[in-house]
Every structure is written in C-alpha cells, then in structure tokens.
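Heads up: the sequence lines are chains A and Z, in that order. With the working numbering, letter number 19 in the first sequence gets 19, and the count goes up by one each step, no holes. With the working numbering, letter number 112 in the second sequence gets 471, and the count goes up by one each step, no holes. Where is the CB? At the ideal position from N, CA and C, for every residue including glycine. Keep in mind that this is a model prediction, so the values were computed, not measured.
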Amino acid sequence: MTKQITVPFGPQHPVLPEPLHLDLVLEDEKVVDVIPTIGYVHRGLEKLVEKREYTEYVFIAERICGICSFIHSQTYVQGIEQIMGLEIPERAEYLRTIWGEYSRLHSHLLWLGLFADSMGFESVFMNAWRLREHILDDLESTTGGRVIQGVCKVGGVRKDVAPEKLDEMLKGLKNLEHELNELNNVFLFDQSMKHRLKGIGKLSSEDAYQLGAVGPTARGSGLAIDIRETGYGAFGKINFRPVVEHGGDSYARCAVRAKEMFTSIDIIEQCIKKIPDGPVDMKVTGAPDGEYFSRTEQPRGEVIHYIKGNGKKNLVRHRVRTPTFTNIPPLVTLLKGCELADVPVIVLSIDPCIGCAER
Amino acid sequence: MSVFQMTKTVLKSLFSRPATLMYPAKPAKKTANTRGHVEIDPAKCITCKMCQRKCPTQAIEVDNKIRTWQIDNMRCVVCAICVDTCPTKCLTMDTQYRPAMTARGGLEKFTVAGPKKKEPAAAPAEGTKPAEKKE
Chain A
1 MTKQITVPFG
11 PQHPVLPEPL
21 HLDLVLEDEK
31 VVDVIPTIGY
41 VHRGLEKLVE
51 KREYTEYVFI
61 AERICGICSF
71 IHSQTYVQGI
81 EQIMGLEIPE
91 RAEYLRTIWG
101 EYSRLHSHLL
111 WLGLFADSMG
121 FESVFMNAWR
131 LREHILDDLE
141 STTGGRVIQG
151 VCKVGGVRKD
161 VAPEKLDEML
171 KGLKNLEHEL
181 NELNNVFLFD
191 QSMKHRLKGI
201 GKLSSEDAYQ
211 LGAVGPTARG
221 SGLAIDIRET
231 GYGAFGKINF
241 RPVVEHGGDS
251 YARCAVRAKE
261 MFTSIDIIEQ
271 CIKKIPDGPV
281 DMKVTGAPDG
291 EYFSRTEQPR
301 GEVIHYIKGN
311 GKKNLVRHRV
321 RTPTFTNIPP
331 LVTLLKGCEL
341 ADVPVIVLSI
351 DPCIGCAER
Chain Z
360 MSVFQMTKTV
370 LKSLFSRPAT
380 LMYPAKPAKK
390 TANTRGHVEI
400 DPAKCITCKM
410 CQRKCPTQAI
420 EVDNKIRTWQ
430 IDNMRCVVCA
440 ICVDTCPTKC
450 LTMDTQYRPA
460 MTARGGLEKF
470 TVAGPKKKEP
480 AAAPAEGTKP
490 AEKKE
C-alpha cells in the first residue's frame, strides 16, 4: 500500500480568489480524501440585523457577496415584502429582474475568465473580462454602482431607467451576444479546453441530488433545478427554460454557464419589451411581523434568506444559506479520486464564493 | 479539429486600440448616476440628524450643539441613503471617487449653518469653513 500524505490546498492559493482551505489526502498523485475548512472571512453580517433597522439592512445584505450583490438585496427585500404583504409596482419587479440578470451575466463572465485563467488560458481570461466591462458600464449608468448596485429598497427600487436607456441597453446586448458567441466557441469547442475539462470531476445526478448541489453544479449533472421557474420577480411573465447538461463533468458545468448567458440576454430582452410604465416604488410604513423563507436563483445557485421580525424596526433573526455552502459537499465528492493537477480546475468548476458562504 | 478558435478574436484585438484606460493618467469614465462620494453644502444643513440616523455604517456624526457635520470616509460605503433622506438637499453625490488615502484618518468635519433662526442669520452662514481635517 502506498503511503498517504496530506497536502494543504489554500487558504492562499494562486487559483483561489478567496480563502478556502482543503486538506488533500494523497496516495501518490491521486486524491483519496478531502477535508474542507472555511472560516477565514467571517464578518458576522447576520448578527447586524439586531443593530440596524430593517430598511438600512438592505445595504448590508447586499454586501454579503461582491459579485451576486444585487440578488442578495433582492432576496432580502422580497422576504420583507412578503412578511409585510406589500404589492410592489410592476415596473419595479421588471427592473429588479433586468438588473438581476445583468449581474448573472457579469458573474458568469467573471467566472469563465477565472476558469480559463486556472488552466493557463490567459487570452480567454482577458477577453471574458473585456466583455464583462460592457455589462458593468450598463449597470453603472443605470444604478450608480458597478458591482454594488444599491438600488433595491423595501417597496421597490431607488432608481428608474429611462425608455431611451432601455433601448440603448437592448442594442448593447445585441452586440454583446455576437461577441459572446465567439468567446463561447472557445469554451465549447476548443480542443485544448475539451482535453482539459472532459471527464474531469464527474458528479452523477443521484450524487448531485443527494448531496444538495444547486445552480450550475446541479444543472451540469442533469438536474433541472432553477428557482427562477417559481416565478419570483417578473420571471412568471417571461418564457425561458433552464439550461441543463448531462455530462456531469467540469466541461458540462462550464457549458451550463456559457449557455446560461444567452438565456439571461434573452430574459433581459423580453423584460425590456414587456416592461410597463408606472411608479417604481411605494411608501412603506410599519415593520415586519412574522417570518419568511425567501428563495431566489443566484449565478451560483439557490440562495435562501430566512427573515424573522417581531413588529419592531430591528429584525430578530436573519439567516442566509448561500449556494457555495451547499456546493461544498459535492465538491468533496468531486475531488475524491482525481489527480492532484486537476484539483484547481475542479475547485473552480463549482464557482466557489467564500465571502458568501461565511458572511 | 478545432484548435484555432481564438484566431479571429486575437487578430481583431491585435489591430484595435487597447480596451483599458490609462488610469490615472486619463480620468476614469463616470456616468451621471455614479456614486463617487458624498459632498455637503454647509450653508443648507439644519443639523436634523436624519443622515446620521439612516446611515447603515454609522459614518456620519452630527452635533447640533456646536453645529458640526462629520463624515468618516473610511466607514462610508457610498450607498447614498443620506442624500435621499436629506430634507434640505444639502447633501449631494459627486460622481468622482475620492482619491486613495495615504495616511490614517479619513475624518472630515464641517461647521454648518444649523437650524434657521428668526433673525437673518448672516453670520453663521458665512462662517462656514471648508474641510478641516483631523489628525
């Protein structure tokens, strides 16, 4: 029997943007066991609900993550609105959906870039981030922030978008779609990409279901789990189908994200065509009394915000279950049996966001 | 075989101008909506403390006795809730980011006009001092 050795991977590793620590138990070059550790960037944001009013807390909920920031604030305010029984204006719902899909686009482009970088494909990395800049520009000109938008509030949104700007965004997306096609050809059909990704880190659909995989990790294994289908925001009035791949390997997860960008563009186009006129916010009085589980689909998967209030300005409890946290058990399964050199690619293939996972 | 998928993109990039800006030699592009930093017009402030109460990071401190308005730039997250709630619109959002800090501190204190009095309050309005850095 070969001798087992333990190799620490992270918390500081060139491939990881955030601190995740994995103890890899190796037999020769093969990974036989993985012990994950998190807890390097815990900030105690959930505890802050006791000190901040529920309306101010939107900004803190948004800062749970630096990439899916908008969807965190959207999930939180949806929960509060459900408890208080608010019917927000339809235009605000549509705007939230548009901005949510924009943040999905920029998150997926960021991930595709980092993923290419993890296997040393620098020029794709640069190109993905160049395209991402167009989306960030649109977000900045409509909301005021590049990655922290800060436009959600209880009872609607803080900024309206002029119809001319919406048309301009539509044109921008058409150009982007063309450029994304060229980029996607590299991700989906390039020989070196296929060679590096196909068959690496296999997760069967049973395992994905049993271990609670969410988002592209589950959809890459053939599970059609997409919370957007529940119809929150304006998704109930939009036609779309979740992207599902059946490979279960790193290539399938990459393909899900690459194809999802076109779904997002399609959703934004439908929203811009259907968006009604009217106010974007409403006056909110009182405080939430009750509890609610608010669920939305983030770029990385399903996020759940549990909110409990007792009729006072400060909430009693706020708990977030982020997609990365649930994707860590599937990650451990993925890594068992792989080669040491494939570990960085597999770790990145679940799109880990540790800032989210630890809050 | 699909080996040269990138060729078209690479050739296009080779013959076009750089996608990046030479920041800070060229100023960063900013839109009218960009949240850069908070500015105050001290003559209009009535020290009502609305901004202090709404600030999610407790970056603003208002003293209505000595009539000062103080912001901690290291705490401020530029969410613009103070600008939205200000009843006299003395707070505005500038589109340019604040330059990076090279020393400790970040506190900025302004002497403000304070609540309006019955007699024409010419003296406090003129006596406003711009940025008086602490530390």
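Give the interface partners of residue i over in chain Z, defined as CB-CB distance under 7 Å, in chain order.
{"i": "Thr285(A)", "result": "Within 7 Å Cβ-Cβ: nothing; Thr285(A) doesn't reach chain Z, min ~15 Å."}
{"i": "Asn239(A)", "result": "Chain Z residues near Asn239(A): none, gap ~31 Å exceeds 7 Å."}
{"i": "Gly79(A)", "result": "Residues of chain Z passing the Cβ test: none, with the nearest at roughly 18 Å."}
{"i": "Asn185(A)", "result": "Gln364"}
{"i": "Asn127(A)", "result": "Thr368"}
{"i": "Arg257(A)", "result": "By Cβ distance, chain Z contributes nothing, its closest Cβ being about 17 Å from Arg257(A), past 7 Å."}
Determine the chain Z residues that contact residue i at a beta-carbon separation under 9 Å, and present them in chain order.
{"i": "Phe59(A)", "result": "Pro415, Thr416, Val436, Cys438 and Ile440"}
{"i": "Gly150(A)", "result": "Arg394, Val436, Val437, Cys438, Ala439 and Ile440"}
{"i": "Arg43(A)", "result": "Near Arg43(A) there are no residues of chain Z at all, since even the closest Cβ is about 13 Å away, more than 9 Å."}
Taking the alpha carbon of residue i as the reference point, which residue from the options has its own alpha carbon closest?
{"i": "Asp277(A)", "options": "Glu93(A), Arg295(A), Glu53(A) and Val32(A)", "result": "Glu93(A)"}
{"i": "Ile328(A)", "options": "Cys338(A), Leu139(A) and Ile350(A)", "result": "Ile350(A)"}
{"i": "Val332(A)", "options": "Leu348(A), His318(A) and Ser141(A)", "result": "Leu348(A)"}
{"i": "Leu173(A)", "options": "His134(A), Arg146(A) and Val256(A)", "result": "His134(A)"}
{"i": "Cys254(A)", "options": "His318(A), Gly220(A) and Asn239(A)", "result": "Gly220(A)"}
{"i": "Asp167(A)", "options": "Ile275(A), Arg104(A), Leu203(A) and Arg257(A)", "result": "Ile275(A)"}
{"i": "Lys371(Z)", "options": "Leu22(A), Ile80(A), His106(A) and Asn127(A)", "result": "Asn127(A)"}
{"i": "Ala258(A)", "options": "Asn239(A), Glu177(A) and Phe240(A)", "result": "Glu177(A)"}
{"i": "Lys336(A)", "options": "Pro288(A), Ile354(A) and Leu203(A)", "result": "Leu203(A)"}
{"i": "Pro415(Z)", "options": "Arg241(A), Leu45(A) and Leu109(A)", "result": "Leu45(A)"}
{"i": "Thr285(A)", "options": "Lys313(A), Ile265(A), Ser294(A) and Arg91(A)", "result": "Lys313(A)"}
{"i": "Val316(A)", "options": "Ala287(A), Gln12(A), Arg300(A) and Ala234(A)", "result": "Ala287(A)"}
{"i": "Pro279(A)", "options": "Tyr54(A), Ile268(A), Val161(A) and Arg319(A)", "result": "Val161(A)"}
{"i": "Thr377(Z)", "options": "Glu260(A), Arg146(A) and Arg130(A)", "result": "The sequence given here places Pro at residue 377(Z); Thr does not occur at that position. Closest by alpha carbon: Arg130(A)."}
{"i": "Tyr292(A)", "options": "Phe240(A), Met282(A) and Asn310(A)", "result": "Asn310(A)"}
{"i": "Tyr54(A)", "options": "Cys65(A), Met84(A), Val41(A) and Tyr40(A)", "result": "Met84(A)"}
Cα separation between residue i and residue j?
{"i": "Cys438(Z)", "j": "Gln191(A)", "result": "46 Å"}
{"i": "Leu114(A)", "j": "Val186(A)", "result": "14 Å"}
{"i": "Cys441(Z)", "j": "Gln4(A)", "result": "58 Å"}
{"i": "Pro14(A)", "j": "Val214(A)", "result": "26 Å"}
{"i": "Asp422(Z)", "j": "Asp33(A)", "result": "59 Å"}
{"i": "Leu26(A)", "j": "Glu339(A)", "result": "9 Å"}
{"i": "Thr142(A)", "j": "Gly100(A)", "result": "13 Å"}
{"i": "Gly247(A)", "j": "Thr263(A)", "result": "20 Å"}
{"i": "Thr326(A)", "j": "Gly212(A)", "result": "6 Å"}
{"i": "Lys47(A)", "j": "Ser73(A)", "result": "16 Å"}
{"i": "Gly236(A)", "j": "Gln270(A)", "result": "12 Å"}
{"i": "Ala208(A)", "j": "Pro330(A)", "result": "7 Å"}
{"i": "Lys308(A)", "j": "Gln78(A)", "result": "13 Å"}
{"i": "Thr230(A)", "j": "Glu302(A)", "result": "12 Å"}
{"i": "Leu139(A)", "j": "Lys389(Z)", "result": "12 Å"}
{"i": "Pro386(Z)", "j": "Pro458(Z)", "result": "12 Å"}
{"i": "Ile419(Z)", "j": "Pro446(Z)", "result": "16 Å"}
{"i": "Lys51(A)", "j": "Gly201(A)", "result": "43 Å"}
{"i": "Ser69(A)", "j": "Cys353(A)", "result": "12 Å"}
{"i": "Thr368(Z)", "j": "Leu188(A)", "result": "15 Å"}
{"i": "Phe469(Z)", "j": "Lys273(A)", "result": "48 Å"}
{"i": "Leu86(A)", "j": "Phe9(A)", "result": "47 Å"}
{"i": "Lys475(Z)", "j": "Thr75(A)", "result": "42 Å"}
Say whether chain D places a C-beta atom closer than 7 Å to the C-beta of residue i.
{"i": "Thr470(Z)", "result": "Going by chain labels, chain D is absent from the structure shown, which instead holds the protein chains A and Z."}
Please list, in chain order, the chain A residues whose beta carbon lies closer than 8 Å to that of residue i.
{"i": "Val369(Z)", "result": "Ser123"}
{"i": "Asn392(Z)", "result": "Glu140, Ser141, Thr142, Thr143, Gly144 and Lys159"}
{"i": "Met378(Z)", "result": "Checking the sequence shown, residue 378(Z) turns out to be Ala, not Met. By Cβ distance, chain A contributes Arg130 and Glu133."}
Residue i versus chain Z: which residues are under 8 Å apart at the beta carbon?
{"i": "Arg380(A)", "result": "Outside the shown range of chain A, which is 1 to 359, sits residue 380(A), and nothing can be said about it."}
{"i": "Gly52(A)", "result": "The residue you asked about is not Gly; residue 52(A) is Arg in the sequence shown. By Cβ distance, chain Z contributes Pro415."}
{"i": "Glu164(A)", "result": "Simply none; closest approach about 13 Å."}
{"i": "Glu182(A)", "result": "Lys367 and Thr368"}
{"i": "Glu93(A)", "result": "Neighbours of Glu93(A) on chain Z: none; closest Cβ ~21 Å, over 8 Å."}
Can you have a look at residue i and say buried or exposed, based on whether 16 or more other CB atoms are within 10 angstroms of its CB?
{"i": "Gln455(Z)", "result": "exposed"}
{"i": "His195(A)", "result": "exposed"}
{"i": "Met433(Z)", "result": "exposed"}
{"i": "Asp117(A)", "result": "buried"}
{"i": "Thr406(Z)", "result": "buried"}
{"i": "Val343(A)", "result": "buried"}
{"i": "Lys153(A)", "result": "buried"}
{"i": "Gly290(A)", "result": "exposed"}
{"i": "Gly150(A)", "result": "buried"}
{"i": "Ser103(A)", "result": "buried"}
{"i": "Asn392(Z)", "result": "buried"}
{"i": "Arg158(A)", "result": "buried"}
{"i": "Tyr57(A)", "result": "buried"}
{"i": "Lys156(A)", "result": "Contrary to the premise, residue 156(A) reads as Gly rather than Lys in this sequence. Answer is buried; the Cβ neighbour count reaches 16."}
{"i": "Pro323(A)", "result": "buried"}
Please specify which runs of the beta strand (DSSP E), each continuous and at least 3 residues long, are wholly inside the segment 296 to 347 of chain A, giving them in chain order. 301 to 310 and 317 to 321
Complete alpha helix (DSSP H) runs within the segment 424 to 452 of chain Z (minimum length 4 residues, chain order): DSSP runs (the alpha helix (DSSP H)) wholly in the segment 424 to 452 of chain Z: 440 to 444.
In chain order, each alpha helix (DSSP H) run of at least 4 residues that lies wholly inside the segment 249 to 299 of chain A: Inside the segment 249 to 299 of chain A, DSSP marks whole alpha helix (DSSP H) runs of 4 or more residues at positions 250 to 274, from first to last along the chain.
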